[in-house]
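Engineer:
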Amino acid sequence: MTLHLERARCDEEAARLLPWYIAGRLSAGDVERVASHLQRCAICRSDAAHERVVRELMKADARVEYAPQAGLAKTLSRIDELGRDAPTAPTAPTAPSAPTRITPVQVSRRRFGAVQWLSAAALVQAVALGWLGMSPHYRPAPMTPTPQYETLSEDPGTAAPGPHIRAVFAPSMTLADLQALLAANRLTVVRGPSDAGAYTLACTDTRVTASMLVPTIAALRADGRVLFVESAVNDAPAVR
Amino acid sequence: MENLELRSNQSAHRIGNDRERELIFKVGRGDRDAFRELYLHYHRRLARFLTRLTRCQEDVEEIINDTLWIVWQRAADFRGASQVSTWVMGIAYRRALNVIRRAATYERLMAPESADGEAAVSDPVQAADNRQLLDFALAQLPLEQRLVLEFTYYLDHSCEEVAEIMECPVNTVKTRMFNARRKLRAILAEHGADWGANQ
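Which chain is which? The protein sequence lines are A and B, in order.
Note that the working numbering has the first sequence beginning at 23, numbered continuously upward.
Note that the working numbering has the second sequence beginning at 3, numbered continuously upward.
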């Protein structure tokens, strides 16, 4: 009964602010509100005692030591690489050397399929260059002073319009099969393969939205020659 | 006395942000020493909570390196409209989501027979201390609820800053936190832990 009355008197907003009161991250006005409420409410006093223990335990997790030097050295070498590459290839995206999850599929691909993929990539590139050379609309891109860079875990093809798909294909798949599969699903290669063996794909119809690509992704997943497929979201962080 | 401690925490936070702004400004001008200091500072802040989140050291290193790499590239564009830590944590949050989703997709592909929703932590009966029990309970929470707890309790972010990092309304953060606390306390109580009983 007493507990029931306490609950009825509880200032819900003060109760919701309790974690930030414990963390010391409330405005002065809210601190006064929560402190004053705690004097009157036994339930929230119990909650506060519990939350303090939770926070102390989360803060006190010092059993594992972390060695940042290897990661720092790797990142600094990426920066050095950036400086080295910039004058010679200002418009080419730099493939970073970040550590990545190496899946058995990728290991298998690297072990048995590297030659096939290199050949396929060279062919696709040759066809694209030939088309560009013959196209009356082609104008060489102007040299820009600031190169664009990307990380391994972000979608490298976000500069192209429309939603994208990332996919890894079976090493046994021929270029003709790949082209047929892409054509059947109205897809085109935007970029790839990446170091992780992934291709970035886009729909040939630029009006297509991300939700309209869901059946396409399902169709690719149903195809045994497609080892991995996911929608690629443009998640580049905004600079505030 | 308690309020004095709370104000002291706010003040320490401001001092930290001033130093971080100075470092970001220098990094924007290509200062490698400033970048080194910023990297080491954020490695400490990020490593523990990312380890709890991903349970994979390789993923933790990838997220930290990607995050600080983006900081290096974009520091010159940082205009200071938000706290430095909020900006960096926002980048780390999006990197972490990418890696966690990719790992989940990969695990689904490679282990289709595994039971969905199985806890990553072993039976709490085997847990030796409260920290292990808390780890077990945290692992039962939805990702967004766990993150709100980590950002608030481990990284000391305000409610507004958490909303900015997670790109959601302040009220959503409060609701996620409320649900997280309620669920966490229920799980802990199920295993005999009631840390609010003796206040």
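Just so you know, even glycine gets a beta-carbon here, dropped at the ideal spot from N, CA and C.
Any beta-carbon of chain A closer than 7 Å to the one on Cys170 (chain B)?
Structural biologist: Chain A contact via Cβ: absent.
Engineer: In terms of alpha-carbon separation, which member of A:Ala254, A:Val211, A:Glu35 and A:Gly219 lies closest to Cys66 (chain A)?
Structural biologist: It is A:Glu35.
Engineer: Going by DSSP, what residues sit across from Ile26 (chain B) in a beta bridge?
Structural biologist: According to DSSP, Ile26 (chain B) bridges with nothing at all.
Engineer: Write down the C-beta distance between Gly194 (chain B) and His72 (chain A) rounded to the nearest angstrom, noting that I regard them as a contact closer than 8 Å.
Structural biologist: Not really, about 14 Å apart at Cβ, beyond 8 Å.
Engineer: Could you check which residue in B:Glu169, B:Arg148 and B:Glu22 has the C-alpha nearest to that of Arg54 (chain B)?
Structural biologist: Minimum Cα distance to Arg54 (chain B) is reached at B:Arg148.
Engineer: Tell me the DSSP secondary structure of Thr231 (chain A) in three-state form.
Structural biologist: Three-state DSSP puts Thr231 (chain A) in coil, outside helix and strand.
Engineer: Would you check if there are 3 or more beta carbon pairs closer than 8 Å linking the stretch 59-73 of chain B to the stretch 88-104 of chain B?
Structural biologist: Yes: at least three Cβ pairs fall under 8 Å.
Engineer: Are the stretch 158-170 of chain B and the stretch 34-54 of chain A in contact at 8 Å, needing three or more beta carbon pairs?
Structural biologist: Counting Cβ pairs under 8 Å, three or more are found: they touch.
Engineer: Where does the unbroken beta strand (DSSP E) through Ala254 (chain A) begin, and where does it stop?
Structural biologist: Here the beta strand (DSSP E) through Ala254 (chain A) covers Val248 to Ala254.
Engineer: Can we say the stretch 216-225 of chain A touches the stretch 183-200 of chain A, given the rule of at least three CB pairs closer than 8 Å?
Structural biologist: Yes, the stretch 216-225 of chain A is in contact with the stretch 183-200 of chain A.
Engineer: Return no unless some Cβ of chain B is closer than 7 Å to the Cβ of Pro41 (chain A).
Structural biologist: By this cut-off, Pro41 (chain A) is an interface position.
Engineer: Give the C-beta separation of Leu186 (chain B) and Leu135 (chain B) to the nearest angstrom, bearing in mind that I take them to be a contact with Cβ-Cβ under 8 Å.
Structural biologist: Their Cβ separation, rounded to whole angstroms, is 11 Å, which puts Leu186 (chain B) and Leu135 (chain B) out of contact at 8 Å.
Engineer: Ends of the alpha helix (DSSP H) at Ala64 (chain A)?
Structural biologist: Its alpha helix (DSSP H) spans residues Ala64 to Lys81.
Engineer: Do you know offhand how far Arg104 (chain B)'s Cα is from Glu146 (chain B)'s?
Structural biologist: Whole-angstrom Cα-Cα distance: 17 Å.
Engineer: Roughly how many whole angstroms lie between the Cα atoms of Leu8 (chain A) and Thr238 (chain A)?
Structural biologist: In the structure as shown, chain A begins at 23 and stops at 262. Residue 8 (chain A) is therefore absent and cannot be evaluated.
Engineer: Assign Phe80 (chain B) to one of three DSSP states: helix, strand, or coil.
Structural biologist: Correct three-state label for Phe80 (chain B): coil.
Engineer: Return the chain-ordered ranges of every alpha helix (DSSP H) run that is complete within the stretch 29-60 of chain B and spans a minimum of 4 residues.
Structural biologist: Correct list: 34-56.
Engineer: I want to see whether chain B comes within less than 7 Å of Ala71 (chain A), judged by CB atoms only; does it?
Structural biologist: Closer than 7 Å to some Cβ of chain B, the Cβ of Ala71 (chain A) qualifies, so yes.
Engineer: Determine the extent of the alpha helix (DSSP H) in which Leu190 (chain B) is found, giving its start and end residues.
Structural biologist: Where Leu190 (chain B) is concerned, the enclosing alpha helix (DSSP H) stretches over Val172 to Glu192.
Engineer: Could you tell me whether the Cβ of Arg188 (chain A) comes closer than 7 Å to any Cβ of chain B?
Structural biologist: So no, Arg188 (chain A) is outside the interface.
Engineer: Does the pairing of the stretch 72-85 of chain B with the stretch 26-43 of chain B give three or more beta-carbon distances under 8 Å?
Structural biologist: Because the criterion of three Cβ pairs below 8 Å is met, the stretch 72-85 of chain B and the stretch 26-43 of chain B touch.
Engineer: How is Leu145 (chain B) classed by DSSP in three states: helix, strand or coil?
Structural biologist: Correct three-state label for Leu145 (chain B): helix.
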